[in-house]
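Notes follow once the structure below has been shown.
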Amino acid sequence: MRQNNDTINNTISNTIVVIGAGPVGLAAAAHLIARGLTPIVLEKGQSVGSAMLEWGQVRVFTPWKYLVDSAVEKLLNKTDWQYPDKEHMPTGREIVEQYLVPAATNTQLESTIIYGAEVVAVAKNNLSKSSSNNRDETGYTVHFKTQGGQYHSVESDAVIDASGTWHNPNPIGLDGLPVPGERENQAVIRYGIPDVRFQQKVDYMNKRTLVLGGGHSAINVVLDLLKLQETNPNTKIHWGLRTNNLEKLLGGGLNDQLPARGELGLAAKRAIESGALTLLTPLKVHSITRTESGVSVENSVEGVIDTLEIDRIIVSAGFRPNLDILRELRLDIDEVVEAPSKLAPLIDPNLHSCGTVKPHGVMELSHHDKNFFVVGMKSYGRAPTFLMLTGYEQVRSISAELAGDHEAARRVELILPKTGVCSTKKSNAGCCEIALPGSESESESCCSAPRGTKEKSSTSCCG
Ligand SMILES: Cc1cc2nc3c(=O)[nH]c(=O)nc-3n(C[C@H](O)[C@H](O)[C@H](O)COP(=O)(O)OP(=O)(O)OC[C@H]3O[C@@H](n4cnc5c(N)ncnc54)[C@H](O)[C@@H]3O)c2cc1C
């Protein structure tokens with residue numbers, strides 16, 4: 007792997023900067039190379055997939071056949087790389103070790119990545135957000151910081167932001183803000199999916215832990231704590247959900263076309279029924295206060311105020327995109343989902359519980375500033391339903407567009423698996439079903455065209 011590069015030339019031009027070397031950033035670089043373009047990937051971590059390594063113990067719910075990008079695969083096929091068992095579901099760490107690292111070390115991608123380079127801002131060359139002068143014809147300057155604390159900038163013709171959302175977890179408050187005492191008690195609060203069974207088990211074994219969150223991440227944490235409890239019976243688990251919509255939480259079960267995801271929900275259901283954990287729903291945390299032995303959590307369940315004495319809190323309540331680094335750009339972002347505004351209605355969690363959307367590309371991902379794109383997990387804003395395969399199609403389409411192949415950019419080349427419990431607000435019909443023109447659910451079907459357009463998907467997002 008390449009080490010930090012503090013000597014980078016500040017004026018490299020004719021490049022396309024990709025922010026982040028996760029699975030989607032790496033796929034973007036591979037598609038750009040395949041199109042004869044020159045990517046430069048800026049990654050703030052010391053490895054490819056460094057965000058994924060932070061949840062490396064988690065087994066994903068999609069098998070290998072949905073995890074490998076076609077352009078990366080082509081590069082890997084020129085080496086001695088072997089495609090892993092296509093039906094096997096790897097952990098996050100296995101994805102990094104068996105796919106991302108080989109791609110980043112043994113292929114052309116190696117020379118495109120700069121590690122330890124954290125992007126702090128993106129702007130148009132010498133134009134602030136308020137300046138319209140020749141804006142469309144002006145390229146970009148990407149400002150980044152290397153680990154020694156030095157600041158650099160690199161010019162590029164286009165920018166693809168694939169920086170994910172992992173480093174911006176949602177705080178505890180129902181209003182989207184930290185509750186009183188949350189900032190002050192960070193020593194006992196962890197966000198995301200800590201490895202409670204192995205790497206960080208001393209913090210949780212025979213302790214009282216409150217898990218907050220109602221998605222697959224929270225289920226993963228709860229199931230791992232239950233396994234820890236088997237050998238450490240004084241481990242106490244409280245699971246707080248904002249809503250009491252258990253059916254949505256427990257997923258599609260056997261109807262889920264990603265059976266591992268359905269199984270997670272079923273396992274959680276069994277644990278609740280066995281009484282191995284205390285379910286608090288709908289829970290509102292009011293404040294957190296330090297005590298001698300841990301923290302005291304003022305809360306209410308269905309409006310009844312109570313105090314919970316615990317040692318640790320794990321917040322698995324989703325993520326949000328870091329838009330601060332894009333402050334000087336003219337974005338077209340939906341104010342609810344914080345995703346590109348043409349994509350947002352398809353994935354708005356207020357409307358869909360569906361894990362799949364119509365495959366989409368450059369048309370849905372464009373912003374007011376030309377040749378700037380947010381892709382991957384970050385393109386879904388605050389929506390939690392992103393799949394890697396969706397990101398690979400996004401960057402295939404964008405790379406084609408940047409190379410001038412507008413026809414290929416607009417072609418849909420992807421069929422996604424569907425999840426079992428898929429509902430829209432207006433209809434109990436699966437949102438993965440194709441809505442009929444004029445039907446009540448049409449405007450909210452994830453397979454229907456973006457709001458305000460007449461376009462129809464020729465391919466079902468559900469296959
Ligand atoms: C627990 C979990 C399980 C999941 N399971 C599945 C699954 O089964 N199937 C599936 O398809 N999807 C799954 N996903 C969703 C999604 O596909 C993954 O999160 C995937 O890693 C997203 O890829 P990405 O490249 O968009 O972002 P990331 O993997 O988050 O990569 C972003 C990269 O950008 C870097 N970065 C961040 N900020 C900066 C910056 N300012 N400057 C430079 N670099 C930066 C990060 O260090 C990171 O390496 C899962 C997600 C989670 C959290």
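Each residue of the sequence shown is one higher than the last, beginning at 7 in the working numbering.
From the three backbone atoms N, C-alpha and C, an ideal C-beta is built for every residue, glycine too.
All values derive from a computational prediction rather than experimental measurement.
Residue i in three-state terms, based on DSSP
i, result
"residue 131", "coil"
"residue 305", "strand"
"residue 98", "helix"
"residue 55", "coil"
"residue 123", "strand"
"residue 416", "helix"
"residue 386", "helix"
"residue 75", "coil"
"residue 190", "coil"
"residue 61", "coil"
"residue 318", "strand"
"residue 137", "coil"
"residue 233", "helix"
"residue 111", "helix"
"residue 216", "strand"
"residue 312", "strand"
"residue 4", "Any property of residue 4 remains undetermined from this structure, which presents the chain solely from 7 to 469."
"residue 92", "coil"
"residue 199", "coil"
"residue 30", "helix"
"residue 425", "At residue 425 the pLDDT is 49, less than 50, meaning the model places this residue with poor confidence; the figure from the coordinates comes in the next sentence. DSSP places residue 425 in coil when its eight states are reduced to three."
"residue 227", "helix"
"residue 245", "strand"
"residue 164", "strand"
"residue 351", "helix"
"residue 396", "helix"
"residue 333", "coil"
"residue 368", "helix"
"residue 66", "coil"
"residue 402", "helix"
"residue 391", "coil"
Beta-carbon contacts of residue i that lie in its chain and below 6 Å, excluding the five residues immediately before and after
i, result
"residue 445", "Here the model assigns residue 445 a pLDDT of 31, short of 50, so the residue's position is not dependable, and the following value carries that caveat. Within the same chain, residue 445 has no close Cβ partners at all."
"residue 203", "230, 233, 234"
"residue 75", "33, 398"
"residue 392", "383, 386"
"residue 340", "347, 350"
"residue 373", "337, 338"
"residue 464", "Legend: pLDDT at residue 464 = 29, less than 50; position of this residue unreliable, no value from coordinates given."
"residue 98", "58, 61, 62, 64"
"residue 127", "149, 331"
"residue 144", "130, 131, 133"
"residue 405", "37, 38, 41"
"residue 328", "174"
"residue 396", "none"
Outcome for residue i when other beta-carbon atoms lying within 10 angstroms are tallied against a minimum of 16
i, result
"residue 281", "exposed"
"residue 176", "buried"
"residue 71", "exposed"
"residue 351", "buried"
"residue 303", "buried"
"residue 3", "What the structure shows of the chain is the stretch from 7 to 469, and residue 3 is not part of that stretch, so it cannot be assessed."
"residue 182", "exposed"
"residue 89", "exposed"
"residue 370", "buried"
"residue 345", "buried"
"residue 139", "exposed"
"residue 196", "buried"
"residue 94", "exposed"
"residue 157", "exposed"
"residue 215", "buried"
"residue 366", "buried"
Neighbourhood of residue i by C-beta distance below 8 Å, restricted to the same chain and skipping five residues each side
i, result
"residue 134", "334"
"residue 228", "217, 243, 245, 274, 277, 283"
"residue 289", "218, 246, 247, 248, 305, 306, 307"
Distance between beta carbons of residue j and residue i, contact taken as under 8 Å
i, j, result
"residue 60", "residue 119", "So it is not a contact: roughly 18 Å between Cβ atoms."
"residue 162", "residue 148", "6 Å"
"residue 122", "residue 28", "That pair is no contact at about 15 Å."
"residue 326", "residue 388", "5 Å"
"residue 221", "residue 322", "7 Å"
"residue 226", "residue 199", "6 Å"
"residue 166", "residue 368", "With 8 Å as the limit, residue 166 and residue 368 do not qualify as a contact, their Cβ atoms being about 11 Å apart."
Any C-beta of chain B under 8 Å from that of residue i
i, result
"residue 142", "The structure shown has no chain B; it contains just one protein chain."
Cβ-based neighbour list, residue i, same chain, cut-off 7 Å, excluding 5 preceding and 5 following
i, result
"residue 213", "241, 317, 318"
"residue 81", "36, 109, 113, 114, 115"
"residue 409", "41, 42, 43"
"residue 443", "Residue confidence is low: residue 443 scores 27 on pLDDT, short of 50, so the model does not pin down where it sits. Its coordinate-derived value is still stated next. Contacts found: none."
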